[in-house]
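Below is one structure, written out as structure tokens; comments come after it.
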Ligand code: C2E
Ligand code: CA
Ligand code: CA
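Numbering (the working numbering), first residue to last: -18 to 615.
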């Protein structure tokens, strides 16, 4: 007598899993389909197992056709189940890396061959045959086990070779359900009359459900959107297809809003935002990644510009939550296929990093017309931050010196110190890129201090007078100017190197002077110590707004653009400006002098000092010393 007692609880268990499975919304992923097919196939195996066993027992009363049908169904489903489990392992491993489609097709061959052999049994009796004495196993009956062991082996092989990027629980999960299948097959082989295989398959399916397919795993706890784990799954599948697009969104000042209006209200608003986005864009899938960060996925068929516009327009309005309203800003980050990211984890990490960086460096995109960063831009910024941090840590900020010459004789009188840092490959990152970033992330103080220290070290270790240098200019960022202890800090460095402050001119831009009350004090203090001040980039800012005479400037540096416009005839006011400034008592330096004619015309209108490529580019200190240090240097 056959023992079916294992089957009832197994079937009930599978129906429970099904019930749970349909209790929540599902991600649009193919693994869902495979899982459902697996469940159905398992139920079909159970059903056909019982039917065929009973039929075989009562073969006398049944036609040969009916016996063939009952047994055939069982075998066909049995092979299919084996293959479904293997397909599921592939889904899991896909999350971490690609498995080549051609290899995959090749590996499905044993399954199809087995099914074909199975179906041919009607004529060949290979797997089983039916005759007047009922059911008989065929010579190839053991193909059932061969196929099972083969696919369990393949699952484990794929896991071992391709599963390195998986989380530990994922690897353990795949191992666990394959172990259950292995044991089930082994027991069936050894004890064919106990129908225990289905129990082990139910265990395997339960492991899959709890570890991989439970929809609760992919939904944010408050059920407002899918979560990061869900995003990982969707991305890993989308990567195999064309047209992947992810839009990242981050709420501006999320942390600050939490402090100001309270976490509860912000959370309620986030739930509102999720509902609105989900309803407005039914063809996209929304994920909430925590901390005011969202991801919206979709394909080419979505009009992403429109999505962008709509979201931006909605955020221009306040969000109503529980009787109160909240205004929130939003920033965007776009990832598409061109980003060159090729695993789900890579995309998620870059997205998180970008959203974090977008939020942290808000001012980079605070320009209202530009609220979107491409992943490339953010990535570059993030990399630049790293380079700056590294250069600071290893004292690798380099100082280049650019000569400043007398307008009359073109002989060396001073030099401007310009900061340089290098990337991993040793190429120089332009200061126009790293200075603003250093300012935004709060590294400019340290950077400025390193430049200042290196200039002092240079002065202390070289006979600069012999080179003709009367001073060296150092740039001060507006953010350095508002540090109330800057005079003390510079004073300490001067002392350390025993350098006199009158050898140093500090260059500040008009931008620094906007915060009048904050800055003036520092500048006056530094001046009292003996530093001299130059106004940098004159002509680019608010010159007329700032009452220059309130500040102790000794020198004005005409910006390159003024100089250029004068030389090509677009501006003929410069002589008046220069004579006016000189009348007040400032000396004048012209920057960006690139040709002999420019040099001459600027001297003619009264520029005391000239700086520019005509005389020299900014040079590394060694090169500067080589060029200007020898007594016979020009
Ligand atoms: P800046 O202070 O106006 O520096 C002058 C810039 O003009 C330098 O660019 C210099 O290389 C460039 N230059 C000089 N002569 C010519 C010329 O004839 N033609 C042209 N086309 N360019 C010329 P650089 O070194 O790339 O520096 C860019 C800016 O970065 C500087 O502008 C300054 O604002 C900032 N910077 C550089 N080093 C520091 C630093 O140590 N601290 C701070 N706060 N800012 C710095
Ligand atoms: Ca400068
Ligand atoms: Ca300048």
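Every residue, glycine too, gets a C-beta built ideally from N, C-alpha and C.
Note that the structure is a prediction, hence the values are computed from the model and not measured.
- With a cutoff of 9 Å on beta-carbon distance, residue 313 and residue 229 are scored as near each other.
- The C-beta separation of residue 577 from residue 595 comes to about 7 Å, placing the pair in contact by the 8 Å criterion.
- Take residue 412, set aside five residues on each side of it, and the residues of its chain with a beta-carbon closer than 8 Å to its own are 399, 400, 401, in chain order.
- Here residue 520 carries a coil assignment [DSSP, helix/strand/coil].
- By the beta-carbon neighbour count (other beta carbons within 10 angstroms, threshold 16), residue 108 is buried.
- Boundaries for residue 98: no beta strand (DSSP E) harbours it, while the alpha helix (DSSP H) harbouring it runs 90 to 105, taken from the DSSP string.
- In this structure, the C-beta of residue 490 approaches ligand 1 to less than 8 Å from one of its heavy atoms.
- Rounded to the nearest whole angstrom, the CA to CA distance from residue 46 to residue 327 is 56 Å.
- In the three-state reduction of the DSSP assignment, residue 306 falls in the strand class, which pools E and B.
- If the five residues before and after residue 12 are omitted, its C-beta is found closer than 6 Å to the C-beta atoms of 72, all from its own chain and listed in chain order.
- Remark: the shortest separation between the CB of residue 383 and any heavy atom of ligand 1 falls under 8 Å.
- Going by beta carbons, residue 159 and residue 137 fall inside the 9 Å limit.
- For the pair residue 565 and residue 516, the CB atoms are not nearer than the 9 Å cut-off.
- Of the other Cβ atoms in all chains shown, fewer than 16 fall within 10 Å of the Cβ of residue 145; this residue is therefore exposed.
- Short of 8 Å from the beta carbon of residue 386, and not among the five residues preceding or following it, lie these beta carbons of its own chain, in chain order: 392, 393, 394, 590, 591, 592, 596.
- Residue 270 has its Cβ no nearer than 8 Å to any heavy atom of ligand 3.
- Short note on residue 461: C-beta closer than 8 Å to some heavy atom of ligand 1.
- Per DSSP, the unbroken beta strand (DSSP E) holding residue 228 starts and ends at 226 to 232.
- Less than 9 Å divides the Cβ of residue 89 from the Cβ of residue 64.
- Close CB contacts of residue 472 within its chain, under the 7 Å cut and outside five residues either way in sequence, are with 510 (chain order).
- Relative to the Cα of residue 396, the nearest Cα in the group 469, 488, 415 belongs to 488.
- About 7 Å separates the CB atoms of residue 186 and residue -5; that is less than 8 Å, so the two are in contact.
- In this structure, residue 434 has its beta carbon at no less than 8 Å from each heavy atom of ligand 1.
- In the structure shown, residue 200 falls within a strand segment according to DSSP collapsed to helix, strand and coil.
- The three-state secondary structure of residue 538, taken from DSSP, is strand.
- In this structure, the CA atom of residue 115 is about 6 Å from the CA atom of residue 40.
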